[in-house]
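Please read the structure below before turning to the comments.
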Amino acid sequence: MANAVLTGWKAEQGLTYVRLYHRNKPVMTYHFAPCRNYEPWRMNYIHPVHGLSGAVLTENTPEDHHHQRGLFWAWREIYLLGEKIADGWEGHNIRFEPLSFEHVEDLSGNYSLRGHYRWYSTKHDADLPIMDEAVVITLHPDDEHGRRFSVDITLKALVAGLSLGGTPDKGYGGPSVRFLHSEDITIRTKGQAVTAQFAAVETGDAVAFSWPLRPDMPDEIELSCLINGTPWTTWVLRQEKSMQNAAYPGLGSVPVDMEAPLNIHLNWRQAV
Numbered sequence: 312m313a314n315a316v317l318t319g320w321k322a323e324q325g326l327t328y329v330r331l332y333h334r335n336k337p338v339m340t341y342h343f344a345p346c347r348n349y350e351p352w353r354m355n356y357i358h359p360v361h362g363l364s365g366a367v368l369t370e371n372t373p374e375d376h377h378h379q380r381g382l383f384w385a386w387r388e389i390y391l392l393g394e395k396i397a398d399g400w401e402g403h404n405i406r407f408e409p410l411s412f413e414h415v416e417d418l419s420g421n422y423s424l425r426g427h428y429r430w431y432s433t434k435h436d437a438d439l440p441i442m443d444e445a446v447v448i449t450l451h452p453d454d455e456h457g458r459r460f461s462v463d464i465t466l467k468a469l470v471a472g473l474s475l476g477g478t479p480d481k482g483y484g485g486p487s488v489r490f491l492h493s494e495d496i497t498i499r500t501k502g503q504a505v506t507a508q509f510a511a512v513e514t515g516d517a518v519a520f521s522w523p524l525r526p527d528m529p530d531e532i533e534l535s536c537l538i539n540g541t542p543w544t545t546w547v548l549r550q551e552k553s554m555q556n557a558a559y560p561g562l563g564s565v566p567v568d569m570e571a572p573l574n575i576h577l578n579w580r581q582a583v
């Protein structure tokens with residue numbers, strides 16, 4: 312157990328995870344390597360995420376959508392030169408290799424988790440390195456405004472012609488959260504209520520989730536997403552047993568460059 316006495320952080324590291332506490336309250340558990348009880352591709356995700364009360368807010372391996380895993384980021388459509396070569400959602404034809412992991416408190420009192428991963432396509436009996444991924448999770452000390460953290464994902468292609476796509480039906484892909492009690496969620500954006508649709512909807516810069524019928528859940532959690540510094544406002548939202556998805560790139564695909572990395576930034580805020 313590592314302690315940061317002045318700002319209240321505690322980090323407990325296991326073989327495949329690190330669990331963080333602030334002022335003796337659980338905050339989150341980040342899985343930087345696969346647990347032997349799960350699929351080998353189920354790594355590099357956050358679960359559980361806790362609320363300010365300590366309550367668990369996320370689900371992993373739910374019966375209705377087994378691949379969903381707390382707060383995660385993945386793409387079902389991974390293409391090389393136009394051919395689909397891998398599925399990072401359900402782990403088909405893909406292998407993830409953890410290259411490094413560290414966690415540290417910085418001088419401003421924030422706590423950072425840093426992971427580096429390599430993606431391999433295993434299609435056609437190959438083991439082809441296709442992507443480098445760097446992840447930085449930055450947690451801010453709880454204060455009078457609540458709890459905040461961010462996830463930065465930086466992707467750099469290792470081969471020419473690599474692209475990521477959303478699913479052809481809804482545009483699923485990118486940062487996703489499987490909340491508990493998603494069937495009881497109320498969703499708001501730009502101060503207006505949103506009714507979940509089959510496909511993606513356009514939102515404001517942030518989307519707020521609340522559970523008015525669930526006193527054990529937070530009053531509100533606000534999520535926002537930036538792509539290379541620009542707000543991403545296309546979300547697939549659910550008011551049933553499923554996840555909430557900042558659907559990047561949506562319908563279609565986007566190339567990932569070998570020289571200019573793609574940056575995806577997710578902000579999480581729970582107000583007091």
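This note's numbering runs 311 ahead of the 1-based position in the sequence shown. In this text, a Cβ means the ideal position worked out from N, Cα and C, and glycines have one as well. Note that the structure is predicted; figures quoted are calculated from it, not measured.
- prompt: Going by the CB atoms, is the gap between Arg459 and Ala507 shorter than 8 Å?
  reply: no
message: Considering only DSSP beta bridges, list what Gln555 is partnered with.
response: Val488
task: Specify whether the region 390-404 and the region 349-362 touch according to this definition: at least 3 beta carbon pairs, one from each stretch, less than 8 Å apart.
output: yes
field: Straight-line gap, Ser599 to Arg425 (C-alpha atoms, nearest Å)
entry: Here the chain has residues from 312 to 583 only, and residue 599 is not among them.
field: Best match in Tyr341, His342, Tyr332, Arg380 for proximity to Ser364 [C-alpha to C-alpha]
entry: Tyr332
Closest residue to Tyr483 among His342, Arg580, Arg330, Arg387 (Cα-Cα distance): Arg387
- request: Just list the beta strand (DSSP E) runs in the region 355-426, keeping only unbroken ones of 3 residues or longer that don't cross its boundaries, in chain order.
  value: 356-360, 382-385, 388-391, 394-397, 405-416
message: Quick check on His435: does DSSP put it in helix, strand or coil?
response: helix
message: On the criterion of 16 or more Cβ atoms from any shown chain inside 10 Å, does Val583 qualify as buried, or is it exposed?
response: exposed
- prompt: Thinking C-alpha only, which one of Val512, Leu534, Gly515, Thr514 is nearest Ser521?
  reply: Leu534
task: Taking only runs that begin and end inside the region 437-519, name each unbroken alpha helix (DSSP H) of 4 or more residues, in chain order.
output: none
field: Residue interval of the beta strand (DSSP E) (run including Ala322)
entry: 320-324
query: Are the beta-carbon atoms belonging to Ser423 and Thr449 less than 8 Å from one another?
result: yes
- prompt: How is the beta strand (DSSP E) around Thr545 delimited, first residue to last?
  reply: 545-547
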